[in-house]
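S.K.: Start counting the sequence shown at 96; every next residue gets the next number (our numbering).
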Amino acid sequence: MNYFEYTELSASERLSVFMDSLSLTNRTPEYYVNWQKVIRETRKFELELNTLNYLIGKDNIYEETLRLFSQQPNLIKAVPSLIACRDKKFEVLSIDDFDNMEFYQIDFKHIDTSNIKKYVDFSDEAGLLDFLKNEAKLSLVDFVYGVETGLDSNGRKNRSGTTMEGLIERNVEKVATKLNLKHNPQASARWILDNWGIHVPVDKSERRFDEAVYDPEKNKLWLIETNYYGGGGSKLKAVAGEFTTLNDFISTAKDDVTFVWVTDGQGWHTAHLPLAEAFDHIDNIFNLEMLKQEFFLDLFK
């Protein structure tokens, strides 16, 4: 099915075609680990970690750590990396043998050199000293590479959206070059007005569109938003409502402005009703399969 056949269908028919062609995933091989970030975060403390290798296997680990930290307080800044934490300032609850509770703060960015023992005690109670004494075998730099690789998995959800933005940008770039159109990723309504002279009514003054495509000959503008949902959840309903509202705002523009929503993912099977409502308002809702069928080329023509 091409773009023109798709747009001639009713809203419910377009929804059916859309749902039947949802992709299984948008995860490229690069999705799994951002190696540049892993390397960057590890190298921040490479010198300190190499120095801390001295503590591996030490029997009197507490005393050795206290002596080393006292001599080189800068080494303390590497402790959060060793316990898989990106925070530099911790709020800590301490509980003694009698269940007495105490709250305290410990700052690994601005080291309190007057109380080095506090950092050693924290490292001990966090299990780090026992690990260094009894379990650590390899270089701590290699260990932190592994830690950072694990921490990087927290960024995968954001990378899913970034992947979609990259796919949209590449598709737009290809078609814009062929049709002699202008485009700009992350364009704001203000930028569009200042550069292309088109006023875009928006629901949020700070909104930036994932892509804005402009035909200077026709003085026509397309605004594109994109996302991907591999799983369900309440957010899908909220997003469908948000883009329905955004489309209604944009449709009031005095200039020729069209809203386009590119979304995909099996998560939409859990939010059929709000998506159906969006289809009643938004004419151009596409998925990745439709981009593959060059819907953008026909749309921008």
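Note that CB positions come from ideal geometry on N, CA and C, so glycine has one too.
Quantities reported herein were computed from a predicted structural model and do not represent experimental measurements.
Ordered along the chain, which non-local residues of its own chain (more than five positions away) have a Cβ less than 7 Å from that of residue 120?
M.R.: 325
S.K.: Using alpha carbons as the reference points, say which of 181, 305, 288 and 275 lies closest to residue 263.
M.R.: Of the residues 181, 305, 288 and 275, the one whose Cα lies closest to the Cα of residue 263 is 305.
S.K.: Taking residue 243 as the reference, which of 138, 382, 165 and 395 has the closest Cα?
M.R.: 138
S.K.: Within the stretch 118-147, note down every full alpha helix (DSSP H) run reaching 4 residues or more, in order along the chain.
M.R.: 130-138 and 141-147
S.K.: Taking Cβ positions, are residue 271 and residue 308 nearer each other than 8 Å?
M.R.: yes
S.K.: In whole angstroms, give me the CA-to-CA distance for residue 248 and residue 220.
M.R.: 26 Å
S.K.: Could you spell out the range, first to last residue, of the beta strand (DSSP E) harbouring residue 189?
M.R.: 184-190 is the span of the beta strand (DSSP E), which, as asked, contains residue 189.
S.K.: Exposed or buried, residue 193, counting other C-beta atoms within 10 Å across all chains shown (16 or more means buried)?
M.R.: exposed
S.K.: Excluding the five sequence neighbours on either side, which residues of its own chain have a C-beta within less than 8 Å of the C-beta of residue 330, listed in chain order?
M.R.: 324
S.K.: Count the other CB atoms within 10 Å of the CB of residue 176; is the residue buried (16 or more) or exposed (fewer)?
M.R.: buried
S.K.: Would you grab the beta carbon distance between residue 365 and residue 327 for me? Rounded to a whole angstrom, and I think it's under 8 Å.
M.R.: In this structure, residue 365 and residue 327 form a Cβ contact; the two beta carbons are roughly 3 Å apart against a cut-off of 8 Å.
S.K.: Could you give the distance in angstroms between the alpha-carbon of residue 281 and the alpha-carbon of residue 200?
M.R.: 39 Å
S.K.: Would residue 259 be called buried (16 or more neighbouring beta carbons within 10 Å of its own) or exposed?
M.R.: buried
S.K.: My understanding is that residue 203 touches residue 183, with C-beta atoms under 8 Å, so please give their C-beta distance in whole angstroms.
M.R.: 5 Å
S.K.: Spatial neighbours of residue 198 within its chain, please: C-beta separation below 8 Å, excluding the five flanking residues on both sides.
M.R.: 186, 187, 188 and 189
S.K.: If you draw a straight line from the C-alpha of residue 238 to the C-alpha of residue 213, how long is it?
M.R.: 24 Å
S.K.: Put residue 242 into one of helix, strand or coil per three-state DSSP.
M.R.: helix
S.K.: Using only CA atoms, which one of 384, 391, 234 and 132 lies nearest to residue 117?
M.R.: 384
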